[in-house]
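Novice: Residue numbers (our numbering): 2 to 396.
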Amino acid sequence: MRPVKIGSHPDVYNPFCPYVSMNMPPHPTWIEINVSAIEQNTRAVLAFSKCRVIAVVKANAYGHGAVEVSKIALSAGASALAVTYCDEAFELRRAGIHQDILVLGGVLPEEVDRAIGEGLTLTIFDRQTADILAARARALGKTARAHLKVETGLGRFGVFPEEALDLSRTIIQLGGIHLDGVFSHYAMADVLDHPLTDLQLRRFEQTIGTLHQSGIRPDTIHLANSAAVFIGNRPLFNTVRVGEAIIGLGTGCDELPFPSQLRRAFCWKARLMACKQYPAGWGISYGQAYHTGDGEWIGIVPVGHGEGYRRAPGNQVLIGGKRIPVVGNVAISQCMVSLPGPVALSTEVVLIGSQGSCSIHPEELSQRWKVPLTNVTNVDRHICRVYIHDEDLSQ
């Protein structure tokens with residue numbers, strides 16, 4: 002079996018153990034990210050949308066490792082990357098990623114010079130931001146790259162459609178800024194036939210039409226997110242901006258079917274740390290909300306709410322290809338499971354993913370934990386991410 006790339010931090014390879022065999026996990030709990038699945042998902046979005054793809058890798062690529070996912074998506078055909086804040090983009094630049102990076106959120110005045118110097122594409126949504134970017138770009142003798150954000154209904158960053166033409170003209174007149182793109186952001190694309198989605202589309206189309214009639218034709222026009230790509234039949238313009246689809250979370254909605262074109266890439270595993278038989282009525286964990294039956298076997302899994310595994314009724318893990326209930330309150334670094342009998346120490350436990358023919362998908366935990374789907378995989382950044390390929394799994 003060939004070595005598998007690993008990092009003690011999701012974005013930094015462990016200098017003491019840069020490679021690990023798949024039968025020697027680096028820690029009692031780790032996350033396996035399937036590189037082949039992310040590659041296939043990126044190509045699937047390209048083929049299905051017939052558009053250029055901006056891979057959204059904000060929030061550490063939703064827990065999958067921003068640097069690694071960025072490199073995988075770009076190698077598979079993505080044209081650019083997108084993050085929320087400048088510090089996320091700076092991290093990608095430090096990792097040697099030189100392709101276009103769009104900063105979707107705002108930029109602080111103290112970040113502007115570095116952002117321009119590192120060639121980031123910044124979002125303009127008001128006159129003040131345009132003035133700052135133009136002034137600093139001229140002072141640096143550089144050209145700032147920017148996309149105009151249009152507020153069509155999400156209620157966040159953006160210039161109102163009726164103000165977009167005037168602001169675009171101002172940006173061009175100020176000098177020092179290359180207006181490379183225009184975009185907006187759906188609020189309800191992951192809800193079938195929601196009227197706001199069509200209203201946002203109409204507002205955006207009207208804005209683009211007004212700009213074109215005035216001779217302003219930015220190269221990159223994007224509105225669709227993962228949900229909009231795979232749900233409904235709406236115009237996608239020339240670029241789509243996707244995160245969940247690429248990393249294998251589907252449309253980002255736990256109430257809709259997982260698209261058949263995509264594959265899951267995330268698997269959270271651990272090793273059983275202890276296994277002990279208890280007498281009847283023994284309390285388990287904080288709060289003593291659970292008491293054992295006579296001769297019940299209890300195992301300890303080294304994962305708790307400190308790592309992002311939430312306390313919630315009905316939690317289960319996979320051991321031996323079967324669902325095993327989590328019992329008692331989840332602690333900060335451990336959870337307890339009720340076993341059908343003695344189980345060997347170091348046995349593999351799957352918290353999210355598949356084992357044998359059984360699976361626990363992120364959608365299930367999203368509903369149980371009552372959190373957005375993307376929060377499920379955005380677990381502690383310090384848990385080691387192991388990047389594997391299909392051929393590793395077959396050996």
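Glycine included, each C-beta is placed from N, C-alpha and C at the ideal position.
Small disclaimer: the values here were computed from a predicted structure and weren't measured.
1. In whole angstroms, give me the CA-to-CA distance for residue 391 and residue 269.
2. Since residue 298 and residue 317 are thought to touch, with beta carbons under 8 Å apart, how far apart are those beta carbons, to the nearest angstrom?
3. Cα separation between residue 110 and residue 180?
4. According to the Cβ coordinates, are residue 275 and residue 251 closer than 8 Å?
5. By how many angstroms is the C-alpha of residue 209 removed from the C-alpha of residue 160?
6. What separation, rounded to the nearest whole angstrom, lies between the Cα atoms of residue 364 and residue 260?
7. For a test of the three-state rule: what should DSSP assign to residue 298, helix, strand or coil?
8. Using the three-state DSSP reduction, which class does residue 283 fall into: helix, strand or coil?
9. Do three or more CB pairs link the region 362-377 to the region 337-349 at distances below 8 Å?
10. If you draw a straight line from the alpha carbon of residue 314 to that of residue 332, how long is it in whole angstroms?
11. Using only the alpha-carbon positions, how far apart do residue 165 and residue 98 sit?
12. Put residue 22 into one of helix, strand or coil per three-state DSSP.
13. Would you say residue 89 and residue 34 are within 8 Å of each other, going by their C-beta atoms?
14. Quick one: what does DSSP say residue 76 is sitting in, helix, strand or coil?
15. Three-state secondary structure (DSSP) at residue 196?
16. Assuming residue 56 and residue 43 are in contact, meaning their beta carbons sit under 8 Å apart, how far apart are those beta carbons, in whole angstroms?
17. Check whether the Cβ atoms of residue 145 and residue 177 lie closer than 8 Å to each other.
18. If you follow the alpha helix (DSSP H) that residue 418 is part of, which residue opens it and which one closes it?
19. Do three or more CB pairs link the region 244-258 to the region 320-335 at distances below 8 Å?
20. What residue from 329, 191, 224 has the CA that sits closest to residue 105's CA?
21. Tell me which residue opens and which closes the beta strand (DSSP E) that residue 221 is part of.
22. Looking at residue 281: is its Cβ nearer than 8 Å to the Cβ of residue 304?
23. Can you give the Cα-Cα distance for residue 386 and residue 66, rounded to whole angstroms?
24. Taking just the CA atoms, how far does residue 123 sit from residue 137?
25. Looking at the structure shown, is residue 206 part of a helix, part of a strand, or coil, going by DSSP?
26. Report the rounded CA-to-CA distance for residue 24 versus residue 31, giving the unit in angstroms.
27. With DSSP run on the structure shown, which of helix, strand or coil describes residue 358?
28. By Cβ distance below 6 Å, which residues in the same chain neighbour residue 351 in space, the five residues on each side in sequence not counted?
Specialist: If we stick to the structure as given:
1. 17 Å
2. The pair is not a contact, with the Cβ atoms about 16 Å apart (cut-off 8 Å).
3. 19 Å
4. no
5. 13 Å
6. 13 Å
7. strand
8. coil
9. no
10. 14 Å
11. 32 Å
12. Since pLDDT at residue 22 reaches only 40, below the 50 mark, its modelled position is unreliable, and the value read off the structure follows with that caveat. Coil, per DSSP.
13. no
14. helix
15. helix
16. 7 Å
17. yes
18. Past the boundaries of the shown model lies residue 418; the chain is included only from 2 to 396, so the question cannot be answered.
19. no
20. 224
21. 221-223
22. no
23. 7 Å
24. 13 Å
25. helix
26. Note that residue 24 scores a pLDDT of 48, beneath 50, so its modelled location is shaky; the value from the coordinates is reported in the next line. Computed Cα separation, rounded: 13 Å.
27. coil
28. 270, 319
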